[in-house]
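Notes for the one structure printed next.
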Amino acid sequence: MKSRAAASRHRGAEKKNDRGDFFETRPAFNAKALAVAVFAALVAALIPALYWLSRNQLVNQDLRSAITLESSHIKYLLENQFNSFELIARSVKGFIDGSENVTSDEFKIFVTSLNLHSISPGLQGVGFARLVTGKNAEARAKALLRSEQGSNSYQIKPLGSRAVYAPIIFMEPREGNEKTIGFDIFSVEEARNSAKLAGETGDLIASQKLTLVQDAPGKNVAGFVLYLAIYMPGRMDIGSEEMVRGWVDLPFRLVDVFQPIAKNLAPGLELAFYEKEAFDDAAIAHRFLNGAMLEGRHLEETRFSRADYVDFGGRKWYFRITPTQAYVARNQTSTHHWIASTGILLSFSLGVILFLLLTSRERAKALAVEMTANLRGITADLNDTLDAIPDLLFEMDLDARYLAVRTSNQASLNMPVDDVLDKTVWDVLPPKAAKMLYDSIREAHLMGRSTGNRIKIDVGGDTRCFELSVARKQRVAGMPPNFIVLSRDITERTRAEQQVHQLAYFDVLTGLPNRGNFLEVAPRLIEQCSALDGFGAVLMIDIDNLKLINDHWGHQCGDEVLKHVASRTSQAIGPQHMVARFGGDELVVVLNRLGTDFELARNAAERICQRILREISAPMSFASREHYVSASIGVAFFDASKKSMDEIVSGADSAMFHAKNDGRNTYKFFDRQLQKVIAERVGLEHDMRVGLYSDEFYLVYQPQVDMHGRVTGAEALCRWRHPEKGLIPPSVFIDIAEKSGFIFQLGQWVLQRTCETLHAWSKDAKLSQLRLAANVSAKQFHHPDFLAQTIAIIESSHINPFMLELEITESIFAQDADEIAEKMGALKSMGVYFSLDDFGTGYSSLNYLKRLPLDQLKIDQSFIRDVVTSTFDASIVATIISLGESLGLQVLAEGIETSAQHESLLAKRCRHFQGYLFAKPLSEADFLDYVQRESSPVPDGE
């Protein structure tokens, strides 16, 4: 072994000697070789120099592309955030549009279901501001706020008298937003201007920079509020302020929105947001670096800075990304510097390499191995970076052929990688998805990049949604263009968006389209039908007596009834027509393409109405019992006459109201005369609400006398003098108040004025002995706030409760007797006197008369009218008087108009009377004169 090594060393030495001898004997060859080496080195050095210049340009271009990509990503996140805000706003608008009267609890439940922290992080809350205009706007705004919040402690903020108010009556979540309840957004100029613009355009409008009510005064935090107008039910004319019902109110702080987005930015990049397009320190709102907010001056603009904006809410939101010096240095670090240097060094060493070429093959081989290892290291580092990306990454050519596939999650592919390579999108994806990806590549070929397109494919038995980002690779001269395709799985985000859309456009209970969805889709269906010169119809369906089911069996039972009715209606009309929940217990149906002949269309609509009524009237079984319901249907036809949606729905609603008045469980077709009557009722209801706060209502007093004609008290009766129509009969406006739900406010006003009158009478010796009666309707009595507010009125008026008489009717007994006894007992303990009005015409029984703390029975005037001529009425009157005496109750006959009636009642031992025979209802001044003319009253019971 040693001899072989020695021989080898000897042969090597010989070669060296031979080589040395050769150089020594051929000096001319050395000079020539040197010249060739120098020339070759200079020529070779030119190549790495050109390479260095080219790569340096590419590095700078890559740096700009990276910052541009970061800018696009920030813009994408900001657009997504703002889009989620708009989805929330339109969800709340759809919810309020789809409900007749939203309560504070219902609003809280709905907003909680939206899961704001997940869907729209950065949003401070969701509120509703109600517009209040006209006379006594301040008082009405305060009354509205306290009614919706259920407490008298709330005030309109800030204090001061204004012509128009828009107080925030709802705001959820309540925690952290307590100061907003009752705040008048019209008191802030920026908010008022933005809200008005939202009402004029119907768009979501962002305010100018302002300080939120939630923040402490002087706290320099940029706040904004988004406003979306909500219009009066059924009104489509955007731009008219009197049609605005209120606004969805979305407050947010700019820093809360931008800081989470800034955390997505690469380290070393400064993100600055500006209030206007001027990118200077005066316009800066917030700036962030590495996810943290910074104070002071922003970085100066460089050649790598990237500015952009997002257009949202009627304004532009500007931002700029500027790299720090450290970021530029880090991203400009590249192997091309040392590669070019090495190339130049190798070029100048070319002469030496030429000399050593034959004898230095091993050295050249080692150098090649080292360079290969470096290249492999760079490649491995690049592969690690690509493997860390969770999205699918493809390289494709202009024909949409897969050249390379990179993914860290094989399960996100719909087939193995080997089966994808060298195939086109038409071979791999479904046709629709393939066309979308092909079009995106074509767009990137023309524009340089394509973003935002989405495709759906089946992966592992589940339909997944992917968002595409396509960028064109730097093109090499003479080579066809290639493209990098980034496919991001956005299935969960898409499902969240669909959930928000479902909440915004579909009723949660029935699954049917809601009012907002109907008002958006129905006009298109009507337009399509009209384009064919055909007839169609809108059906307004109202479930009869659903409130009674809710009150008797509970709202869960009522909800089941509503779902059954919705399902049966959908089955009855078929898939070619549209059915939606219009609000409350109302459904609306659009029947399109009923035919080109009106009579045939009318007959078709009639058959469908009959089928709907038949389906609804069938028994419904749930909760271990059968339920029977009916419905009333109004029908309004449409054709090519270009009627507005509002006109058609209003006609169907009028016809439905007529069907209810005609006995329910039937259908009626629209009639112009009926529409006129309903329009008058709607107008009166509006005027009545305004008139209560404009001193149009007043009280008159009808005396009550004993058997000797002496005044023992009076009944306070409400009257309404309309400023244009004069006196409105009580039978008209009381009926409207009952059906509209306004009876509680009206009844409490009557009670308040009655107590004020008693307080004034208490200062007079005669008047202080008179008992004054006020009527209480069944709806008013059963209102949850009736007892508390009545006690508060009595206590605040400082009256003697024994002088106050509350007249209730027998219809009050249709509900829970225990609740009735509890409320009456609480008032009776204070001394309040109770009278049962219209006795003999309703629900009362001996059991009620025994259980309830009544003091008086009032015989209904329908029995008094014929008491002289009808033995039947005379017998009933005698029985009531005898019943009252046996139960120890005072009996009063009302509606006495003739002396014969009076004498007949005296003969039957009736001792208390009221009617035109003694006096008609009098003004307070005339009543006082009437009392002064009479002798002093005697105590009750004489």
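Take the position in the sequence shown, starting the count at 1, then add 1106; the result is the number in the working numbering. From the three backbone atoms N, C-alpha and C, an ideal C-beta is built for every residue, glycine too. It should be emphasised that the depicted structure is a prediction, and the values quoted were computed from it without experimental measurement.
Expected contact under 8 Å - CB spacing of L1878 and T1860 to nearest Å: For this step, residue 1878 is matched to residue 772 along the sequence shown. For this step, residue 1860 is matched to residue 754 along the sequence shown. L1878 to T1860, Cβ: 6 Å. Contact.
Distance between L1148 and E1130 (C-alpha atoms, nearest Å): In the sequence shown, the residue the question calls residue 1130 occupies position 24. In the sequence shown, the residue the question calls residue 1148 occupies position 42. At E1130 the pLDDT is 41, less than 50, meaning the model places this residue with poor confidence and gives no usable figure here.
Rounded C-alpha distance that separates A1372 from L1609: As a working note, residue 1372 is residue 266 in the sequence shown. As a working note, residue 1609 is residue 503 in the sequence shown. Between the C-alpha atoms of A1372 and L1609 there is a straight-line separation of about 36 Å.
Which of helix, strand or coil DSSP assigns to E1626: On the sequence shown, residue 1626 is found 520 positions in, with the first residue counted as 1. DSSP places E1626 in helix when its eight states are reduced to three.
Which residues DSSP lists as bridging R1731, in chain order: If you number the sequence shown from 1, residue 1731 lands on position 625. Bridge partners of R1731: F1728.
Residues near D1533 in its chain [Cβ-Cβ closer than 7 Å; skip 5 each side]: By 1-based counting over the sequence shown, the position of residue 1533 is 427. Hits under 7 Å: none found.
Assigned exposure category for V2037 - 16 Cβ within 10 Å defines buried: The sequence position of residue 2037 within the sequence shown is 931, counting from 1. V2037 counts as buried, since no fewer than 16 other beta carbons sit within 10 angstroms of its beta carbon.
Any beta strand (DSSP E) of 3 or more consecutive residues that is wholly inside the stretch 2004-2032: 2018-2020
Residue closest to L1574, alpha-carbon to alpha-carbon, out of I1563, A1583, F1394: Working through the sequence shown from its first residue, we reach residue 1574 at position 468. The option with the nearest alpha carbon to L1574 is I1563.
Presumed contact (8 Å Cβ cut-off) between F1276 and S1210, rounded CB distance: Against the sequence shown, residue 1276 aligns to sequence position 170. Against the sequence shown, residue 1210 aligns to sequence position 104. Indeed, because the Cβ distance is near 6 Å, the residues count as touching under 8 Å.
Inter-residue CB distance, N1623 and A1583 (contact presumed, cutoff 8 Å): The residue labelled residue 1623 in the question sits at position 517 within the sequence shown. The residue labelled residue 1583 in the question sits at position 477 within the sequence shown. Actually they do not touch by this definition, with Cβ atoms about 56 Å apart.
For P1264, the three-state DSSP class (helix, strand or coil): Here residue 1264 corresponds to residue number 158 of the sequence shown, with the count starting at 1. Residue state, collapsed to three classes: coil.
Reference L1504, options T1485, K1529, Q1808, closest by Cα: Looking up residue 1504 in the sequence shown gives position 398. Minimum Cα distance to L1504 is reached at K1529.
Nearest to A1711 (by Cα), restricted to the options E1692, I1679, M1726: Here the question's residue 1711 lines up with position 605 in the sequence shown. Considering only alpha carbons, the answer is I1679.
Same chain, Cβ closer than 7 Å to D1309, neighbours up to 5 away in sequence not counted: Looking up residue 1309 in the sequence shown gives position 203. Excluding residues within five positions, the ones whose Cβ falls inside 7 Å are G1420.
Which listed residue (H1828, R1359, V1331) has its alpha carbon closest to that of W1353: Mapped onto the sequence shown, residue 1353 falls at position 247. The option with the nearest alpha carbon to W1353 is V1331.
Contiguous beta strand (DSSP E) assignments of at least 3 residues, all confined to the stretch 1679-1712: 1684-1689, 1692-1701
Three-way DSSP call (helix, strand, coil) for Y1544 in this model: Here residue 1544 corresponds to residue number 438 of the sequence shown, with the count starting at 1. In the three-state reduction of the DSSP assignment, Y1544 falls in the helix class.
Simplified DSSP state of K1869, which is helix, strand or coil: By 1-based counting over the sequence shown, the position of residue 1869 is 763. Three-state result, K1869: coil.
Whole-angstrom distance between D1777 and R1971, CA atom to CA atom: As a working note, residue 1971 is residue 865 in the sequence shown. As a working note, residue 1777 is residue 671 in the sequence shown. One C-alpha to the other measures close to 37 Å.
Helix, strand or coil at L1303 according to DSSP, with G and I counted as helix: By one-based count along the sequence shown, residue 1303 stands at place 197. Helix, per DSSP.
Beta strand (DSSP E) segments (min. 3 residues) lying fully within the stretch 1884-1946: Correct list: 1910-1915, 1939-1945.
Alpha carbon of S1941 to alpha carbon of R1621, nearest angstrom: Translated into positions along the sequence shown, residue 1941 becomes position 835. Translated into positions along the sequence shown, residue 1621 becomes position 515. Straight-line measurement puts the Cα of R1621 at about 45 Å from the Cα of S1941.
Distance CB(Y1333)-CB(V1350) smaller than 8 Å: In the sequence shown, the residue the question calls residue 1333 occupies position 227. In the sequence shown, the residue the question calls residue 1350 occupies position 244. No, Cβ-Cβ distance for Y1333 and V1350 is not below 8 Å.
For Q1779 and L1638, the rounded distance between their alpha carbons: Within the sequence shown, residue 1638 is the residue found at index 532, counting from 1. Within the sequence shown, residue 1779 is the residue found at index 673, counting from 1. Distance between the alpha carbons of L1638 and Q1779 is about 29 Å.
At least three beta-carbon pairs within less than 8 Å, the stretch 1166-1174 to the stretch 1356-1370: no
Same chain, Cβ closer than 6 Å to S1556, neighbours up to 5 away in sequence not counted: As a first step, residue 1556 must be located in the sequence shown, where it is residue number 450. The residues are S1546, E1549, A1550, V1576.
Straight-line Cα distance separating A1785 from D1759: What you label residue 1759 is simply residue 653 of the sequence shown in a count that begins at 1. What you label residue 1785 is simply residue 679 of the sequence shown in a count that begins at 1. Their backbone Cα atoms lie some 11 Å apart in a straight line.
C-beta contact flag for L1823 and V1806 at 8 Å: In the sequence shown, counting from the first residue as 1, residue 1823 sits at position 717. In the sequence shown, counting from the first residue as 1, residue 1806 sits at position 700. Closer than 8 Å, so yes.
Minimum C-alpha distance to D1801 - residue among I1840, G1815, W1855, F1775: Here residue 1801 is taken as the residue at index 695 of the sequence shown, counted from 1. Ranked by Cα distance from D1801, the options I1840, G1815, W1855, F1775 are led by W1855.
Local conformation of S1593 per DSSP, three classes: As a first step, residue 1593 must be located in the sequence shown, where it is residue number 487. DSSP places S1593 in strand when its eight states are reduced to three.
Presumed contact (8 Å Cβ cut-off) between L1876 and G1819, rounded CB distance: Locating residue 1876 in the sequence shown gives position 770, counting from the first residue. Locating residue 1819 in the sequence shown gives position 713, counting from the first residue. Their Cβ separation, rounded to whole angstroms, is 5 Å, which keeps L1876 and G1819 in contact under 8 Å.
Three or more C-beta pairs below 8 Å linking the stretch 1744-1751 and the stretch 1623-1635: yes
Burial state of K1315 (16 or more Cβ within 10 Å): As a first step, residue 1315 must be located in the sequence shown, where it is residue number 209. Label assigned to K1315: exposed.
Per-residue burial, T1478 [other beta carbons within 10 Å of its own, 16 or more giving buried]: In the sequence shown, counting from the first residue as 1, residue 1478 sits at position 372. For T1478, the number of other beta carbons within 10 angstroms of its own is below 16, and it is reported as exposed.
Where I1287 sits in the DSSP three-state scheme: Here residue 1287 is taken as the residue at index 181 of the sequence shown, counted from 1. Of the three classes helix, strand and coil, the one that applies to I1287 here is coil, per DSSP.
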